[in-house]
Structure formats: structure tokens, C-alpha cells
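Numbering (the working numbering), first residue to last: 736 to 1023.
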């Protein structure tokens, strides 16, 4: 079945990335959210070029990352199709909210900045303040890449040397997210809404390539960060960087209660073992 080009969103005029990268993101989102179903034929390159007012070569470039990610397959003389084995990503928020129906809640996160976790947990903690969710304890552990030291990602795409300004930019993003989580969690105990809370943050020197959430030791959510080249503004100047893009990461769900024959229980246990091992060995206290 051919996918309809009109089902795609418009380009964001405030997005500073090249049009080909923006189009890649739009197509990726349409595939991962099942707007374009497995087996669907993508809109043709001429149709996409006309829809967005760009050259056909721009459209061609936008499809290359999707092929590398094994989201689409090209058939000579026929066009590009969504791979049949593409899985639908999982929404994180409903699962975390369900976890807060327990008396004791634990959340372990490993990844880049923690922005998604901050945005997700903020809405849920509002329900705790309103008395709609009533856990008694909450423990959050956050394991991040240390932007105070040189990392492979994010980095400038035009030079090989480390640029502290790029890391400083990432550090500001991380600091906003981390402070938001830590302060919101502590407030619940200060207000007497929970018996005890703890929010700990540690960092390590490995580059951020994926994100991992472990909820109550029973569910794990995993997603790869696509590495994209785009331009950001630093000190009022455009700077091209390679960036791990959390907003484009599709999460996949594993549960100890999964009885479908998939390795849910083993995955959650191994994910927890990995998290604990990094937390207890090569991580160190987060310094703002």
C-alpha cells in the first residue's frame, strides 16, 4: 500500500538543520509511529521533492540514513518500502505513571542529558502533589556522560580537536534537566507527600550512544541515539556538530512479566546488572 505524502508533517521553519536531515526525521517519525505501516511504499522521490519544494537529490540524501538504520528497503525500479520487521516504539510516560501506583518506586536512567526523563516525570509528580498518585518512597538514579571531559559525542563536525564550547552547551542542557529532577523529587519529601525520596546523579567518561530506563527493576526501555550532523548557535556563531539526538530515539520495551517467549526477564536482569556495574565502578559524582 503506498503511503500518502500528505500524512507527513511540514518542515519546521525554526529548525536550523539542513532540509535533508529534517526530512529524514519526519520520515523516521512516520515510520516508527506506524503512520507509515510495515510494507507500505514510501512516497516517491518526485512526490516528496514537490511536497517540500526541494531538489530530488535532497530527498535522496534524506533516505540514506533510513536505509542505514534498516527502517526502509529500496527496490530498484519500484521505490522504497518500510521494512516489515519494523517495531512500534513504546511510549514511556504511561509505564512510569503506572509504576507510581506502587508504594515504592525506583527509576534508573542512563543516557545523555536526562531531558526526556525530566519532562516525563514532571507531569507525573504533579499528580503526586495533587494526591492522585500516592507512593511512599521514590529513588531515582541518573547515570550520564560527563561533559566536563572530552567525548566523541557531541563534537564539532568540521574539526578534529575537542571544543570545550560544544561541551559547555551540552552541560547547560544537562544541568537544567538534572536540577529539575533532583529539586522536584526532593520537594515531595519536603512537603510531606512521601516518606522518603532520593535522587542521585553520577557521570562517566563514555560517549552517549543509547538511553536506558529501568523502572521498579521490572521493566526496561532501551533506545539508540541517532547521531546527526546539524548546526547550532554557540556564542552567536553557527557551529556544525555531530549530536546524539534523544528526540529521535525510539524506545523498545522489555518486561520480566513478558510471557510471549521473548527474552524480557533476561534483558531486564542484564540491563540492571550493567547499570549497577557502571554505577559502582567507573562513575563518579556529578559536578555542576
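Where is the CB? At the ideal position from N, CA and C, for every residue including glycine.
Taking a contact to require three or more Cβ pairs closer than 8 Å, the region 945-952 and the region 829-842 qualify as touching. Scanning 1015, 764, 957 and 1012 for the CA closest to the CA of residue 999 turns up 957. Taken in chain order, the whole beta strand (DSSP E) runs of length 3 or more contained in the region 818-862 are 839-846.
Proximity of the region 876-890 to the region 967-985 meets the contact definition, three or more beta-carbon pairs being nearer than 8 Å. In the three-state scheme derived from DSSP, where H, G and I count as helix and E and B as strand, residue 937 is classed as strand. At least 7 Å separates the beta-carbon of residue 882 from that of residue 911. Just so you know, the alpha carbons of residue 864 and residue 849 end up roughly 22 Å apart.
With respect to residue 987, residue 955 sits apart: the two C-beta atoms are not nearer than 7 Å. Per DSSP, the continuous alpha helix (DSSP H) segment holding residue 899 begins and ends at 899-925. Residue pairing by DSSP puts residue 967 in a beta bridge opposite 974. The Cβ atoms of residue 796 and residue 755 lie closer than 7 Å to each other. In this model, residue 746 and residue 873 are separated by some 40 Å (Cα to Cα). Sequence-distant Cβ neighbours of residue 855 in its own chain, meaning closer than 8 Å and more than five residues away, are 827, 828 and 831. Per DSSP, the unbroken beta strand (DSSP E) holding residue 954 starts and ends at 954-959. Within its own chain, the residues whose Cβ lies closer than 6 Å to the Cβ of residue 906, once the five positions on either side in sequence are excluded, are 882, listed in chain order. Under the DSSP definition of a beta bridge, residue 1020 partners with 937. For residue 752, the three-state secondary structure derived from DSSP is coil.
Sequence-distant Cβ neighbours of residue 800 in its own chain, meaning closer than 7 Å and more than five residues away, are 759. Residue 778 sits close to residue 740, with the two beta carbons spaced by under 7 Å.
Note on residue 971: under 16 other CB atoms within 10 angstroms of its CB, so exposed under the neighbour-count rule.
If you ignore the 5 residues before and after residue 964, its C-beta comes within less than 6 Å of the C-beta of 892 and 977, all in its own chain and listed in chain order.
When DSSP reads this structure, residue 932 sits in a beta bridge with 873.
The shortest CA-to-CA distance from residue 878 to any of 866, 969, 900 and 842 is the one to 842. Bounds of any beta strand (DSSP E) do not take in residue 798; it lies within the alpha helix (DSSP H) bounded by 791-803. Judged by DSSP secondary structure, residue 1010 falls within the alpha helix (DSSP H) whose first and last residues are 999-1015. The criterion of a C-beta distance shorter than 7 Å is satisfied by residue 838 and residue 871. Selection 772, 770, 929 and 962 evaluated against residue 867 yields 929 as nearest (Cα-Cα). Nearest to residue 771 by alpha-carbon distance, out of 738, 784, 761 and 752, is 738. Residue 751 has its alpha-carbon roughly 21 Å from the corresponding atom of residue 765.
Annotation: residue 944 is outside any alpha helix (DSSP H) and is labelled neither H nor E by DSSP.
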